[in-house]
Structure formats: structure tokens, C-alpha cells
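Accompanying notes for the structure given below.
2 protein chains.
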Amino acid sequence: MNFLEERIAKDGVIKPGNVLKVDSFLNHQMDIDLFNKMGAEWKKRFEGKPINKILTIEASGIGIACVAGTYFNCPVVFAKKAKSINIDGDVYVTEVESFTHKTKNQVLVSKKYLNKDDHVLIIDDFLANGCALQGLISLVHEAGGTVEGIGIAIEKGFQIGGQVIRNLGYQLESLAIVEGMNDETGEIIFR
Amino acid sequence: MNFLEERIAKDGVIKPGNVLKVDSFLNHQMDIDLFNKMGAEWKKRFEGKPINKILTIEASGIGIACVAGTYFNCPVVFAKKAKSINIDGDVYVTEVESFTHKTKNQVLVSKKYLNKDDHVLIIDDFLANGCALQGLISLVHEAGGTVEGIGIAIEKGFQIGGQVIRNLGYQLESLAIVEGMNDETGEIIFR
Chain A
7 MNFLEERIAK
17 DGVIKPGNVL
27 KVDSFLNHQM
37 DIDLFNKMGA
47 EWKKRFEGKP
57 INKILTIEAS
67 GIGIACVAGT
77 YFNCPVVFAK
87 KAKSINIDGD
97 VYVTEVESFT
107 HKTKNQVLVS
117 KKYLNKDDHV
127 LIIDDFLANG
137 CALQGLISLV
147 HEAGGTVEGI
157 GIAIEKGFQI
167 GGQVIRNLGY
177 QLESLAIVEG
187 MNDETGEIIF
197 R
Chain B
7 MNFLEERIAK
17 DGVIKPGNVL
27 KVDSFLNHQM
37 DIDLFNKMGA
47 EWKKRFEGKP
57 INKILTIEAS
67 GIGIACVAGT
77 YFNCPVVFAK
87 KAKSINIDGD
97 VYVTEVESFT
107 HKTKNQVLVS
117 KKYLNKDDHV
127 LIIDDFLANG
137 CALQGLISLV
147 HEAGGTVEGI
157 GIAIEKGFQI
167 GGQVIRNLGY
177 QLESLAIVEG
187 MNDETGEIIF
197 R
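Below, the structure is given as C-alpha cells:
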């Protein structure tokens, strides 16, 4: 097990319905030492890629992305979620539908902060069905930029999002891939 | 002018109605080098305080707080905003009313991540009338913790929030205090 898998095994809490709660260190209370290890690991895995921007999505991607930004020496942009749109011409916007919640959300980013010269590393905390991630990729393409890679903290390997992204040919680096969980025994199986 | 004031003077954009747009470096695209300087400066200003937790609020406080967390070597917790409440007993919650928008929001944090042993540094990007900040202070008190200080990137010195907080006796360290702006000349006056 790597450092993140060890932490998930130690502090992750499994709830019925394949819910994995990691809010003690990842997405409510945030362990900055852990985030530094994650940033260093992604830097290693994306070595040689001409990354000049990190893109994430509010809210829980922001902390991870900003700490990773210290390793990539580049600005971090976070896409905003909006229920209702009041779009002027200054933003790229894409609509993503949540497979889980069946809700539709707009995801948007200002045209000023994403453009054709950007070589983007997308970072987020979770990947399950991948709706938010698909929206982020779409925004980079709309801007004419290049997705150099995708860094995810925890991928739910038993849901379809990761496979879709790999099939599409992207370099996806999930630091922990959960293959299965048992909410009765508390056991977590990693890929 | 300090490093942040210089950056605001260079890249801030003034809009009518005393709106200061700093989304090119602070709260949409984020300059991580700048965040590091801010973290180091707060570390200096709060030297000697027994800070063991940083509290911020989603979304634009999170990046600043996480980078600051690398200087304070402590976990960062972000409070969540909620329109509708579905509160179980596991969260501290406070209602804050926006003076500007006249909307009411719940601000909440899990009871697991804020408690009586916490000596909290509150960090946020903006302070104007201070509604969000008042909510964060209230959450720390509800948890029985101690507010050791408040670090703000940009305070609008012509609005009442900062004065209220200083009157209440808190150590408030705003890295840039804007006293006035002129959207016709583009001039910004700092305290």
C-alpha cells in the first residue's frame, strides 16, 4: 500500500451504499502534509509534461490543487459550479449531469484564465462516474488548450469514470484506486 | 506598499460600486507563489500564538488557507455553505445574513473537526461587512475553541467588518486594507 492507501485504510469510514468517508483528512478537514506528499507524487508521475496550469473544481479540489501547485510552479484555476446560469460572453461553460443525483450543474471558468496555450493538469479529490471530470476536460477543449494529464486522489475503481477516461487516452493518475469496500467488516480492497 | 498591495495595484480591476476584482491572482485563478508569501507573512504576524488549526470557508478561502497551512503545520478545516439545512446532530451550524445580498446562508462544520482544544486561526480572502467571518467565529465559540487570530488577504477598510472585529478584541491581520477606489482613474488607496 502507498501512503494514501494506508491513510484510507486507517482513517476512511465506509458507509452503506459504497460510500467512503474521508472527511477527516481529505475533503472537510484537510491534512496538508498528506497533500504535500500527493503533490510530490503527481510531480513525479507527470515528469516531462509541459504543464503550465492546474485546473480543479470547487470546493474540495481546491486545497489539493493549490498544494500541488507548489510542486508544478504554475497557477491554479478552479472552475465554479452554478445552478442557474447568467452567462455573459466571458466564460466557458459546460453542463454536467450527475449520474448519482440526477441533477444538472453548470461548470464554468473565465475565458481569461484558460486558453489555447495552456497545458493543463486537472486535479480533483474523487473520481467515481466522472461527471465533474468530463466537464473539466470539456472546458479545456472549449478553450483550445491541451489536457496533459489528470491527477485524482481516490478513484472508485468499481464505477465507470476511470475506465472511460483511460479509454479516451488520457494519462490518469489516481493515487488510490478502491476496488471494493465492505461496510460490515470495514475492509477496503485496493487495485 | 507591501507585496500584496503592489499586486492589487498592478492586477486588480475596479468596477463601479466599489467592486474590486482580483480573480486573476486570488479567487479564480490563484497565484501559488503569492499564497506562499501570504502564508509566511501570517506566520510572522501570529508568531507565538498556539495555533493548532486553521478554519476557512468554501470556496475561495480554501486555497489560501491550505498554502498557509504549510507554514503553521496544522490541519485546515473548511466550513461549508448550505442553502437548505438538513442538520443532524453532528455539525455546528450558524446562520449568517449577507448585508449586501440580503440572503441567509447556513455555515456549518462537522463537530468532529472543531472542538474545545482547538486554537484556531481563521483565514479568508476578503473582509467587507464581515458576515461570513462572524459566522466562522461563532462556530469556533460553539465548539468551545479559541480564536487565536484572523488572517485576511484583502480588507475593504471603508466597510464596517474590520472595525467590528477589532472592537471585539481579535487580532485581525489583513495583508492589504483598501481605503478607497476610483473606478474612473483606476486608483486604489491603501491604509
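If you read the sequences in order, they're chains A and B.
Per my numbering, residue 7 is the first one in the first sequence, and the count goes up by one each step.
Per my numbering, residue 7 is the first one in the second sequence, and the count goes up by one each step.
Beta carbons are placed, not taken as given, at the ideal position from N, Cα and C, and that holds for glycine.
Proximal chain A residues relative to LYS118(B), where beta-carbon distance stays under 9 Å: ASP29, SER30, HIS34, GLN35
Own chain residues within Cβ distance below 7 Å of LEU127(B), not counting five before or after: PHE52, ILE57, ILE60, PHE78, GLU154, GLY155, GLY157
Closest Cα partner of THR152(A) within the set LYS122(A), ALA134(A), SER180(A): That would be LYS122(A), whose Cα lies nearest to the Cα of THR152(A).
Rounded C-alpha distance that separates ALA134(A) from LYS21(A): 16 Å
Euclidean distance between Cα positions of GLN169(A) and SER66(A): Distance between the alpha carbons of GLN169(A) and SER66(A): 23 Å.
Classification of ASP96(B) by the beta-carbon crowding that lies within 10 angstroms, buried from 16 upward: exposed
Identity of the residue in LEU26(A), MET187(A), LEU120(A), VAL102(A) nearest ASP29(B) by Cα: LEU120(A)
8 Å Cβ cutoff met for LEU145(B) and VAL115(B): yes
Reduced DSSP category for ILE199(B) - H, G, I as helix; E, B as strand; rest coil: This structure gives no information on residue 199(B), because the portion of chain B shown stretches from 7 to 197.
Reduced DSSP category for MET7(B) - H, G, I as helix; E, B as strand; rest coil: coil
Proximity test, Cβ basis, 8 Å: GLU64(B) and chain A: yes
Segment limits, beta strand (DSSP E) that includes ILE183(A): 178-187
Limits of the alpha helix (DSSP H) - the one that GLN140(B) falls within: 137-148
DSSP state of GLY45(B) mapped onto helix, strand, coil: Note: GLY45(B) maps to helix in three-state DSSP.
Per-residue contacts from THR76(B) into chain A (C-beta, under 9 Å): By Cβ distance, chain A contributes ILE38, ASP39, PHE41, ASN42, VAL73, THR76.
With 16 other Cβ atoms within 10 Å as the buried cut-off, status of VAL102(B): buried
Of the listed residues LEU181(A), ASP124(A), GLY150(A), THR109(A), nearest to CYS137(A) (C-alpha basis): THR109(A)
CYS72(A) and MET36(B) closer than 8 Å at C-beta: yes
Exposed unless 16 or more other CB atoms sit within 10 angstroms - verdict on ILE195(A): By the neighbour-count rule (16 or more Cβ atoms within 10 Å), ILE195(A) is not buried but exposed.
Pick from SER104(B), PHE105(B), THR76(B), GLN112(B) that is closest to ALA88(B), judged by C-alpha positions: GLN112(B)
Closer than 7 Å at the beta carbon, the chain A residues around ILE68(B): Going along chain A in sequence order, the residues near ILE68(B) (Cβ under 7 Å) are ALA65, ILE68, GLY69.
GLY151(B), enclosing beta strand (DSSP E) - first and last residue: Neither: GLY151(B) is in no beta strand (DSSP E) and is coded neither H nor E.
Any C-beta of chain B under 8 Å from that of PHE132(A): no
Residues near HIS125(A) in its chain [Cβ-Cβ closer than 8 Å; skip 5 each side]: LYS55, PRO56, ILE57, ASN58, LYS59, GLY151, THR152, GLU154
Collapsed DSSP secondary structure at GLU12(A) in the structure displayed: Reduced to three states, the DSSP call for GLU12(A) is helix.
Test: PHE84(A) CB closer than 8 Å to a CB of chain B: yes
Environment of GLU161(A) [buried if 16+ CB atoms lie within 10 Å]: buried
Backbone CA spacing between GLY163(A) and ARG172(A) [nearest angstrom]: Distance between the alpha carbons of GLY163(A) and ARG172(A) is about 12 Å.
For ILE166(B), the three-state DSSP class (helix, strand or coil): coil
Beta-carbon contacts of GLY192(A) that lie in its chain and below 7 Å, excluding the five residues immediately before and after: ILE20
Residue closest to ASN8(A), alpha-carbon to alpha-carbon, out of VAL83(A), GLY18(A), GLU47(A), ASP130(A): GLU47(A)
Buried or exposed (CB count within 10 angstroms, at least 16 for buried), VAL25(A): Taking all protein chains in view, the Cβ of VAL25(A) is surrounded by fewer than 16 other Cβ atoms within 10 Å, so the residue is classified as exposed.
PRO81(A) at chain B interface by Cβ criterion, 8 Å: Closer than 8 Å to some Cβ of chain B, the Cβ of PRO81(A) qualifies, so yes.
Reference VAL82(A), options HIS147(A), LEU32(A), ILE129(A), closest by Cα: VAL82(A) has its Cα closest to that of ILE129(A), out of HIS147(A), LEU32(A), ILE129(A).
Pair within 8 Å by beta-carbon distance, LYS86(A) and TYR98(A): no
Limits of the unbroken beta strand (DSSP E) element including THR100(B): 97-103
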